[in-house]
Structure formats: C-alpha cells, structure tokens
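In what follows, a structure is listed as structure tokens, so that the remarks can point back to it.
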Amino acid sequence: MEKSALQICRSAYSPKLPKGLRGGVSIKEGEPTQSVGNQEEIKALFPNTYGMPLVEFVPGDSKEKAEPINMGVILSGGQAPGGHNVICGLFDELKRINPASRLYGFLMGPGGLVDHKYIEITSEIVDEYRNTGGFDMIGSGRTKLEEKEQFEKGLLIIRELGINAIVIIGGDDSNTNACVLAEYYAAHNYGVQVIGCPKTIDGDLKNDQIETSFGFDTACKTYAEVIGNIQRDANSARKYWHFIKLMGRSASHIALECALQCQPNICIVSEEVEAKNMTLDDIVTYISDIVAKRAANGNNFGTVLIPEGLIEFIPAMKHLIAELNDLLATAEAAEHEGAAQRAWILSKLSAENAAIYESLPEGVAHQLTMERDPHGNVQVSLIETEKLLSEMVAVKLATWAQEGKFAGKFAAQHHFFGYEGRCAAPSNYDADYCYALGTSAAELVANGKTGYMAIVKNTTAPAEEWIAGGVPITMMMNMERRHGKMKPVIRKALVDLEGAPFKTFAAHREAWAEQTAFVYPGPIQYWGPAEVCDRCTMTLALEQAK
Ligand code: FBP
C-alpha cells in the first residue's frame, strides 16, 4: 500500500502507555460489583458473569513465561479513529506475554466469526496500520451477534484455531452482545473468554467507569476543523447561513462538542428539544429569530449545527416514526412504491401523524420511509434535516418579511459531516487511548477474565498517569424495552442537560448567537506542544473538572 509522507512519519509514533501497562503488569481487584439497575433480573440472566470486581493494572511481574494466548478480534459497527491501534496494542501485548501467541482478525464484523472468515494478523500487517484511521485492516460490519446458533457456529472456528479469547470492539449494543456471548460460553464451560472495548464516534458509550468511547476525540476535532473553516468563510463573504448536520445517531455529543470548540451562532441539542417538548415549528422559530436579529445588525450570515438524530427527539416526529416503523414492517408495505407509497402511507396513518407527514417537504417524508438498519433504526444519516430546517426557516422569514418583521437577506448552504471524520488519522489522544485499551484487553485475557470491558481512566492527565483496567460489563447494565421486549442492555449516555458541557454551552449561546464569536480550531496536530497535540475534548475536560 502506498503511503503519504505524513503516514510514513506517523507510523513511527510510539503511543504513550500508562505506567501500569509498561512492562510487567499486575492486577489489583476491587470489591464485587452490582449492575446500575434491575440488579435481580441482571443477576438471574448473567449468573456466571455477574458481580465480578473492578480491576486495575499496576506495575508488576513480567508475564514472559506465561502460556501463549490465541485470540480473535472483531471490529463491530461504525468506523471510529483508533481501531487499528486497539489491534496493535492487543498484538504487541500478546507477543510480549509470549511470542508464540497468535492474533486472528475476523473479517467484516461479527459476521466473520459466524461465517468463519478470518486472517491471521502478523507483524507485517500490524506495522502497516500503526496509528492509521479506518477499520480496513479487517473490515467492520453490523451483524448482530445474539443468537445461540451464531455462538455455536462461532465456536467451531474458535476450536479449529485453538482460540482462547475473543475481543469485540464496538458500541453499546455490540458490548451488550459481548456480555451475552461471555455468559453463554462461561455457562457451557467452553473455556472461551470474551472481552469488550468501548468504541463509537458518537460518544454515547460512557458512564462512571468509561470516560469516553474511542474515536469521539478525533472525529470531533476533524469536524471542528472544517466547521471553523466554514465559519471563517462565512465571516469573510458575509452572505450565507451554513446549516451543518453532524453525525451522532442518537445523542448530540458531537454537535455539542463542536459547538464548544467553534462557538457557532446556533447549535440544536436533541436532548433539550425532547426535554422541552419542542415542535419542529418551535425549532424553526428559534433559528429564524436569531437570523432576524443578526440581520437587524447587518449580519446576514452565520452557522447552525444540527445533530443527526434530531428528528427522532422531536416528540411529534417520534410518534410519526413509530407508526411508520409498524406500517413499513407489514407485508402490504412492499406492494407500494414511489408516489403510490406516499398515498398508501397517508391513507393508513392516524389523522394526526398523516397531517405531520403531509406537512413535510416530500423529499424528507420519503427519507423517513427508507430501509431500516439491522437494529430496526431509521437511518438518520440519510435524512436531510439540514435542508428541512433551512427550507422551513426560509418560508418563515418570507412570511415575516411580508409582515414587515424581517428586512434582511437569507441564503443557505448545506453540509453533512459524518463519514469525513470516522476514518481520520487518530489524534494523539485516540492513538494513545486505543493502544492502551488494546493492551488492557490483552492483559484482561492473560489474567483469565471474561465478560469485562477494557477501560482506561484519568485520561485528562498526561498519558503516563492514566489508569488502565477492566469493568464487568454486567455492572453497566439495566433492563430496557427494545422492540417491544424488556432486554438487558448497557445504558446509552445521552447529553446530560445538568452536566457541565451542556451548561457551559447554555451559558454562552445567547452571546454566540448575536455576536460573531467564531473560533477556528484548525487541523489536528501530531507534532508540537503537548497543549496543542495531546489535548482531550472539551466535553471530557469539563466533565472531569473537579
Ligand atoms: P456506531 O455506533 O456503530 O459506532 O456508529 C455510529 C455512526 O457513525 C452514527 O454516527 C451514524 O448514524 C451511523 O454510524 C451511520 O451508519 P452507517 O455507517 O451504517 O451508515
């Protein structure tokens, strides 16, 4: 594979490891743990993996004489910068523990385990991918690993390759499934350990034990760079309002972090929209008011950040989507396409939802009916909320202009930043964090653990002071209704409206709306002063500030 000059130099970067993971590693165990909710139900569902202690790695004996470990690794779900470094950390630690250890990569996600598609990851392969973005070393996929038949089929290849442990690198759903798999293999005494690793650019896999999911840092910095560039363009030409949709399937962490970094005129936070029971018209009015106020000061330009998941947080839209989900799951749905589909949907929806559906621009209404993902979710990345909002703002401003309430100009540009950031070359934070997560996961396996997620804490301090260890996945679980059934799941972390990141934003947003207080963060830096190159996200810094 041909490499750019930056890639060549960057591949020589040695990720910084916490003290506890350098050389010989010992394990320190805490008290037994409880799940965050529904303790009795979770305990009954996970009798073999419930209640295990938190663990921490501290400097200790070298494991050089330990038995070789054969491990399989799976990348699950959306790409996130740093995934390759998790694999590099796993590989280096396994080889350090015993050079005869082997690492197998299952191809294209969890499906690779079930379908027995794999490669052996060698030092040549690992060296090719050190500190690179993407998941292309082994590919990723969204197959759900949750059925006993899948677990048993996976076991066949696990036995054939003499694998002792599987590491699943994924988000909340994939780690929930990792826990189910760990419990299943433990209950059957198969002698196969399962360890999870917290990944997702969305930043919604975090809690008291997990400070952040990997990839959030790099993705946000990448988006913040281009948002900053757009803001500088907006402030130079002074003629466009830029409507920028940002990834994040459900939670608004990415939009909020970019707002903290860039100080746009407007940032919508889905969780606030839901909490205040706002309608689409309320959001449009809020944006239009700010456009009008800025126009009155001669500023016919600005930026609006919109979280990708917004549509599902507007209570009325949520009801419409829920009814559409049921409708589209019927056999009859397949008989109607194009214009006929629209008419059929309108004839079937309740009067209230039909009225909302009809009021939407046709393109957006159609986007709401497109194919669901394997988890049954609307593919929000395909819904052009940025265009929906700007079109509705334009209509409102035209009405206000007729009423003499708006005398400015309004011209909009649209952007969607998502895929641009998911495979960016990892920042120093993500490169270091991921390498430490991989090293921790290998140590959890070496110490006989299963049903754990690798964690690294204290990451706002310099990397050598980071604290690596593992958390029992059952500790992060509670029961939630999913697709009509109560299921054990890891709690998804939405934006906390009482948390420091949102409160900081809320304290400044009025000033940012009226003034032009743009910040231009510039590109991620890999070499230079630590305060530039090693800084974490503002979300994490604010959350961890004592
Ligand atoms: P994960 O939660 O699997 O990490 O993926 C998150 C995400 O990047 C979302 O931000 C986005 O909505 C979605 O994936 C897009 O999925 P796809 O890659 O299938 O288009």
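Under my numbering, the sequence shown has 266 at position 267, and the numbering climbs by one with no breaks. A virtual CB, placed ideally from N, CA and C, is assigned to each residue, including glycine.
Taking a contact to mean a Cβ-Cβ separation below 8 Å, would you say residue i touches residue j in this structure?
i	j	result
Val531	Met391	no
Leu279	Met316	yes
Ala423	Ala218	yes
Phe409	Val268	no
Cys549	Thr473	Residue 549 is absent from the structure shown; the chain starts at 0 and stops at 545.
Lys116	Leu106	yes
Phe504	Leu259	yes
Phe134	Leu180	no
Thr458	Glu210	yes
Pro67	Ser100	yes
Gly420	Val85	no
Met452	Ile41	no
Leu551	Asn174	Any property of residue 551 remains undetermined from this structure, which presents the chain solely from 0 to 545.
Phe300	Ala400	no
Thr368	Leu323	yes
Arg248	Gly308	yes
Thr199	Ser212	yes
Ala492	Ala295	no
His252	Thr538	yes
Ala332	Leu326	yes
Ile286	Leu388	yes
Gly214	Asn69	no
Gly29	Pro58	no
Gly362	Val54	no
Lys15	Asp429	no
Ile265	Ile310	no
Leu44	Ala441	no
Tyr128	His83	yes
Please state the DSSP three-state secondary structure of residue i.
i	result
Thr438	helix
Met485	strand
Ile454	strand
Pro58	strand
Tyr103	strand
Glu146	coil
Gly71	strand
Val24	strand
Glu66	coil
Phe312	helix
Pro500	helix
Met277	coil
Leu112	helix
Trp343	helix
Glu119	strand
Arg480	strand
Val303	strand
Val546	Absent from the model: residue 546. The displayed extent of the chain is 0 to 545, so no value can be given.
Leu539	helix
Gly76	coil
Phe90	helix
Lys292	helix
His335	coil
Leu348	coil
Leu326	helix
Leu493	coil
For residue i, count neighbouring C-beta atoms within 10 Å of its own C-beta (all shown protein chains included) and say buried if the count is 16 or more, exposed if not.
i	result
Ile165	buried
Val394	exposed
Pro263	buried
Ile7	exposed
Gly76	buried
Gln378	exposed
Gly521	exposed
Glu148	exposed
Pro360	exposed
Lys275	exposed
Pro98	exposed
His241	buried
Asp281	exposed
Ser358	exposed
Gly202	buried
Pro17	buried
Leu112	buried
Ala350	exposed
Residue i CB to nearest chain D CB: under 8 Å?
i	result
Ala223	The chain labelled as chain D is not found in the depicted structure, where only one protein chain is given.
Length at least 3, wholly inside the region 151-235: the beta strand (DSSP E) runs in chain order: 164-169 and 192-197
Whole alpha helix (DSSP H) elements within the region 358-443, 4-residue minimum: 361-366, 384-401 and 418-421
Inside the region 505-537 only - alpha helix (DSSP H) runs reaching at least 4 residues: 529-532
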